[in-house]
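Taking it in order: structure first as C-alpha cells, then the write-up.
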Amino acid sequence: MENKEKLIKAFTESLGIEPQLVTDELTYNTIPQWDSTAHMVLIAELENVFDVMLDTDDIIDLSSVAQAKIILQKYDDSIEFA
Amino acid sequence: MNTTTVTGYQVTLVPITLEHQALLRQWRNSPDIKQCMFSNGTISEAQQLTWFNRIKGCENEWHWIVSYKGAFIGSTNIKATAEGASVSESPELEAGLYIGEGRYKNNILAFAPTLAMYDYCFEQFQTQNFKARVKATNSAAIHYNQKLGYKTIRTEEQGSVLEMLLTFNDYQNSTKMLKQFLSRSVKNKRG
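As given, the protein sequences belong to chains Y and G, one line each in that order.
Here the first sequence is numbered in the numbering used here, starting from 1 and rising by one per residue.
Here the second sequence is numbered in the numbering used here, starting from 1001 and rising by one per residue.
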C-alpha cells in the first residue's frame, strides 16, 4: 500500500470519516469527529502504521493532514506522499 | 497571593503580574473569548488594572498566564467556592481557562494548562472537586470539560447555563491517555 493510502486509511479509521474528507486542509477540532480522543487514537495509529514514535512537540503540532505529512517525513525521510 | 509557578505537560503557569495585563486585556477583549464570558463587555485599561489590583493579593482566587516554549499563549485561574476559604483550603474550586494565542486554540495543547493546574490542586491543596459554570451555547467548553471527566449536574437560568462537576476519580480516569501523550519528552525514532 502506498504511503498516501496508508495515511488516508489511518485518518478514516481513527476519526471514523470518509476518505474524501482527508485532504491537506482537514484540521483538528474543525469537524466533530476529530476531537482530543480521536486525536490520540490517530497518533497511535500513525505511529503504528509508519513505525515511528512521535515526541510531544510533534503530537501538539500535528493539527492537520498537511502537518501529519511533514512530521512523518521528519521522522523518516524515505516516507513520501506523492 | 499567588506566587506559585506550576510546570507540567510542556507548559508553565506563571502567576500574573502587572506587566501581563495589557496582553490579558487584549485576549479578553477578542470577540471569540468575549462571547464565552458571562460578563461580555469590552474591558478598558482602567477596568483591567482595577481588576488586577483587586485580585493580586487574593487568597481565594489565583490567576496564571500560560507559557509554552517561552511565549505566552493563554490564561488560567482557580477560585474557591467555599465562603471565606483560600484556594488551598476550599474543598471545591471553580476553574477557568482561555487560550489567547490563535495557533493553539484548536490544538491538543489547550489541555496542558488545565492538566498541570488540576494535578497541582489535587496534589497540593485540599481540592476534592472542580466545578464549572458554562454557557449552554459554548459547546467547545462543554466538550472540553467532558473530555476532562466533568459531568453536568444541573442547568440554571432556564437551561442557558450548565453546572458541571469534576471529581478526582473521574479526572484520573478520563485523562490518563491525554497525560501520556502530553508527557513524552524525549525525541525518539524507531525502526
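Glycine included, every Cβ here is placed at the ideal spot set by N, Cα and C.
{"query": "From the DSSP output, in three-state form, read off Asn1077 of chain G for me.", "result": "strand"}
{"query": "Could one say the Cβ of Met1177 of chain G lies closer than 7 Å to chain Y's Cβ atoms, at least one of them?", "result": "yes"}
{"query": "Any contact between the segment 1168-1186 of chain G and the segment 1132-1145 of chain G? By contact I mean 3 or more CB pairs, one from each, below 8 Å.", "result": "no"}
{"query": "Can you confirm whether Ile1108 of chain G, when its beta carbon is compared against all beta carbons of chain Y, has any partner nearer than 7 Å?", "result": "yes"}
{"query": "Using a Cβ-Cβ distance under 7 Å, would Asn29 of chain Y count as near chain G?", "result": "yes"}
{"query": "Strictly below 7 Å CB to CB, what residues from chain Y border Leu1182 of chain G?", "result": "Thr56"}
{"query": "Output the distance between the C-alpha atoms of Arg1190 of chain G and Val52 of chain Y, rounded to the nearest integer angstrom.", "result": "Here the model assigns Arg1190 of chain G a pLDDT of 45, short of 50, so the residue's position is not dependable, and the following value carries that caveat. Their Cα atoms are separated by approximately 5 Å."}
{"query": "So what's Gly1096 of chain G in DSSP terms, helix, strand or just coil?", "result": "strand"}
{"query": "Beta-carbon separation of Leu1097 of chain G and Ile1078 of chain G under 7 Å?", "result": "no"}
{"query": "Mind listing which residues of the segment 1130-1151 of chain G have their C-beta closer than 9 Å to chain Y's C-betas, in chain order?", "result": "Ala1140, His1143, Tyr1144, Lys1147"}
{"query": "I'd like the list of long-range same chain contacts for Ala66 of chain Y, defined as Cβ closer than 8 Å, with 5 residues on each side in sequence excluded.", "result": "Asp24, Glu25"}
{"query": "Quick one: measure Cβ to Cβ for Phe11 of chain Y and Leu42 of chain Y, integer angstroms, because I've assumed they're closer than 8 Å.", "result": "7 Å"}
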